[in-house]
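Q: Position one of the sequence shown corresponds to residue 4 (my numbering), numbered consecutively onward. We put the CB at the ideal spot given by N, CA and C, even for glycine.
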Amino acid sequence: MRLEGKTILMTAAGQGMGRASALACAAEGARVIATDVNQEALETLRSASANIETHHLDVMDAQAIQVLAEQLPDLDGLFNCAGFVHHGTILDLSDEAWEFSVNLNVTSMVRLTRALLPGMLRRAEQGGSASILNMASMASSIKGFPVRTAYGTTKAAVIGLTKAIAADFVKQGIRCNAICPGTVDTPSLRGRIAAAADPVQAEKDFIARQPMGRLAQVADITPMVVYLLSDESMFVTGQAMLVDGGVTI
Numbered sequence: 004m005r006l007e008g009k010t011i012l013m014t015a016a017g018q019g020m021g022r023a024s025a026l027a028c029a030a031e032g033a034r035v036i037a038t039d040v041n042q043e044a045l046e047t048l049r050s051a052s053a054n055i056e057t058h059h060l061d062v063m064d065a066q067a068i069q070v071l072a073e074q075l076p077d078l079d080g081l082f083n084c085a086g087f088v089h090h091g092t093i094l095d096l097s098d099e100a101w102e103f104s105v106n107l108n109v110t111s112m113v114r115l116t117r118a119l120l121p122g123m124l125r126r127a128e129q130g131g132s133a134s135i136l137n138m139a140s141m142a143s144s145i146k147g148f149p150v151r152t153a154y155g156t157t158k159a160a161v162i163g164l165t166k167a168i169a170a171d172f173v174k175q176g177i178r179c180n181a182i183c184p185g186t187v188d189t190p191s192l193r194g195r196i197a198a199a200a201d202p203v204q205a206e207k208d209f210i211a212r213q214p215m216g217r218l219a220q221v222a223d224i225t226p227m228v229v230y231l232l233s234d235e236s237m238f239v240t241g242q243a244m245l246v247d248g249g250v251t252i
């Protein structure tokens, strides 16, 4: 098992990519500390695997992050998965919507990493290494997409944050990478499709931008999550790893 003996914390683990990643890492032997703001979703996740323990966490609550960090053991891995997709151009972007996107997509990662990194450094000092994985996107500094101003900007910031952390701690046994998925069939995407003026056309449009002619499934993405959190990626740091079905060819 590729993650045997590792303790990994994940945010937004209640559904979608976070849930799939928690289950995939638990299946590879990790002790997974799954967090989410949705307590109901966490309950179903805990019952799905004996390797998963759950903690309610609002990643936008700085005090809650500190309280949880003080309760946790030193970690081998952290997957910052929480995020939000704002729909609109810059002309549709209110100050409130902008601040929400920045706080959830970027500031929460800063706070959580800052709180948990000292313990990860201690783990690395014991002769191992520790891995931080941040959820970015192909919609970022890599490629611009229509009506994704706030999302693309904040995910570009995530890539910048990832590279900065990687550069600062590479000599201390800490790896930090970002994963940049294409369009993944998750409850979040289904919600955006349902909210469109023409949901049938919206789904066709999402599929049309994928050269492979289909949406990604969570199982297309989780192998990269496991790889980047495992010792198999010991020589990989500071990278934005695309799993996008060929969109950015």
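(1) With DSSP as the reference, identify every bridge partner of P184, one or two as the case may be.
(2) Taking just the CA atoms, how far does A29 sit from L45?
(3) Tell whether a beta-carbon distance below 8 Å holds between M141 and V35.
(4) In three-state DSSP terms, what is D39?
(5) DSSP three-state call for S233: helix, strand or coil?
(6) First and last residue of the alpha helix (DSSP H) that includes A139?
(7) Between the stretch 45-62 and the stretch 13-29, are three or more C-beta pairs nearer than 8 Å?
(8) Going by the beta-carbon positions, is the gap between I224 and M20 smaller than 8 Å?
(9) How about L75 and L12: do their beta carbons lie closer than 8 Å?
(10) Looking only at its own chain, which residues have a Cβ that is under 8 Å from the Cβ of L60, when we skip the five neighbours before and after it?
(11) Along the chain, which unbroken stretches of the alpha helix (DSSP H) at least 4 residues long are found entirely within the stretch 149-217?
(12) Report the three-state DSSP secondary structure of G130 (helix, strand or coil).
(13) Tell me, please, which residues DSSP counts as bridged to M13.
(14) N180 and G122 - do their beta-carbons sit closer together than 8 Å?
(15) Just to confirm before moving on: does the CB-CB distance between I162 and A139 stay below 8 Å?
(16) Using the beta-carbon count (16 or more within 10 Å), is I182 buried or exposed?
(17) Buried or exposed, going by whether 16 or more other CB atoms sit within 10 Å of the CB of K9?
(18) Take V62 and list the residues in its own chain whose beta-carbon comes closer than 6 Å to its own, dropping the five residues that flank it on each side.
A: Checking against the coordinates, here is how it stands:
(1) V246
(2) 14 Å
(3) no
(4) strand
(5) coil
(6) Careful: A139 lies outside any alpha helix (DSSP H) and carries neither H nor E.
(7) yes
(8) yes
(9) Yes. Within cutoff.
(10) Closer than 8 Å at Cβ, skipping near neighbours: T14, T38, D39, V40, A67, I68 and L71.
(11) 152-172, 190-198 and 202-211
(12) coil
(13) In DSSP, M13 forms a bridge with A37 and F82.
(14) no
(15) Closer than 8 Å, so yes.
(16) buried
(17) buried
(18) T14, A85 and S111
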